[in-house]
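Inspection log for the structure reproduced underneath, given as structure tokens.
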Amino acid sequence: MKILIIGAGKMGNFFCDVLSREHEVAIYDIEAERLRFTFNALRFTTMDEIREFQPELMINAATVKYTVSAFNQVLPYLPDSCIISDIASVKSGLPEFYATCGHPFVSTHPMFGPTFASLNNLSNENAIIISESDHLGKVFFRDLYNQLHLHVCEYTFEQHDETISYSLSIPFASTLVFASIMKHQDAPGTTFKRHMAIARGLMSEDDYLLQEILFNPRTSRQLDKIKSQLDRLQCIIDHKDEHAMKQYLNEVRLNLK
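The sequence shown begins at 209 in our numbering and counts up one residue at a time.
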């Protein structure tokens, strides 16, 4: 299959490496410098090269801020039958875009990234495929994700955004609050060091990505839950209520099962 990847960032290069083993892959980036370390694939820097390539599938791995604009830039140079796809962690505006784009589409979300996941072993990681996607596109990505040993779920756009508000917004917000009150520690404990490693990894992500995930309209509801539990915990601590603390810890353990 002839596959075009837009964006030679971390995920773009990851998909390029994985797919080039079995497919004819080309990767495009407006910054030619970012293609220096791309191997086993054609390296494009112009739209004319894309037109000549005639891809059957296009994977948009541009930064989430530029997902739709990258689509709009490339679409005029794609065959009408080309399946277009995104791997964006934020799907805002994409259902509306796909409804009028004139191409079959498939939208997925690999629920891992180069910051924390081991890309050589993804057996404990997950991926979401959007159910409104074109059938052939869904089949392609389900096969690919199964080959990578990912656990695959199929959600609607609405269900995806609800899931992200829980699985990303809560840890992102909690980590930001943790890091915002940190001071240098000369002898940090193990738990502290692990939290700091997560915080540093999170802060290495693109600012716009963090913003868009936290600006999910459903995030505020999750933050209310965090504040409610903090208030409850503070009350227990202030009153040194051993019975309430034991009950609280038991509830947390049950949540972790």
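The C-beta atom is built at its ideal place from N, Cα and C for all residues, glycine as well. As the structure is a prediction and not an experimental result, all values here were calculated from the model.
Exercise. Can you grab the Cα-Cα spacing for the pair F348 / L250, in whole Å?
Key: 21 Å
Exercise. Kindly list the residues whose CB is nearer than 8 Å to the CB of R365, restricted to its own chain and excluding five residues on each side of it in sequence; keep chain order.
Key: This sequence places Phe at residue 365; Arg is not what is there. K299, L302, P303, S315, I338 and E340.
Quiz item: Can you name the start and end residues of the alpha helix (DSSP H) that D446 belongs to?
Solution: T427 to D446
Quiz prompt | Short Cβ contact (9 Å threshold) for Y374 with I336 | solution = no
Self-check item: Cross-strand partners of K465 (DSSP beta bridge)
Solution: Answer is none; K465 lacks a bridge partner.
Practice problem: Using 10 angstroms around the beta-carbon of C224, count the other beta-carbons present and answer buried if the total reaches 16, otherwise exposed. | Solution: buried
Self-check item: Reduced DSSP category for A234 - H, G, I as helix; E, B as strand; rest coil
Solution: A234 falls in the strand class under three-state DSSP.
Practice problem: Following the continuous alpha helix (DSSP H) through I295, name the residue where it begins and the one where it ends. | Solution: Taken as a continuous stretch (DSSP letters only), I295 belongs to no alpha helix (DSSP H), as it is neither H nor E.
Practice problem: Could you tell me the distance, in whole angstroms, from the CA atom of N354 to the CA atom of D415? | Solution: 31 Å
Exercise. Pull up the DSSP beta-bridge partners for L344, would you.
Key: Paired residue(s): none; L344 is not in a bridge.
Quiz item: Can you tell me whether T246 is buried or exposed, with buried defined as 16 or more other CB within 10 angstroms of its CB?
Solution: buried
Exercise. Determine the DSSP secondary structure at I338, reduced to helix, strand or coil.
Key: strand
Quiz item: From T371 to R426, what does the alpha carbon distance come to, in whole angstroms?
Solution: 10 Å
Self-check item: Inter-residue Cα distance where the pair is D351 and Q437
Solution: 41 Å
Self-check item: As assigned by DSSP and simplified to three states, the class of K391
Solution: coil
Exercise. Kindly indicate which three-state DSSP category F324 falls into: helix, strand or coil?
Key: Here the model assigns F324 a pLDDT of 49, short of 50, so the residue's position is not dependable and the matter cannot be decided.
Quiz item: Taking the continuous beta strand (DSSP E) assigned at F400, which residues delimit it?
Solution: Careful: F400 lies outside any beta strand (DSSP E), inside the alpha helix (DSSP H) at T398 to M411.
Quiz item: Name the DSSP bridge partner or partners of L250?
Solution: A234
Quiz prompt | C-alpha distance - R461 paired with T399, whole-angstrom precision | solution = 17 Å
Quiz item: By a C-beta neighbour count over all protein chains shown, 10 Å radius and 16 as the cutoff for buried, is H447 buried or exposed?
Solution: Flag for H447 reads exposed.
Quiz item: How long is the line joining the alpha carbons of E260 and D342, rounded to whole angstroms?
Solution: 25 Å
Quiz item: On the three-state DSSP scale, how would you describe L358?
Solution: coil
Exercise. Sort K210, I214, H231 and L464 by Cα distance to V272 and report the nearest one.
Key: I214
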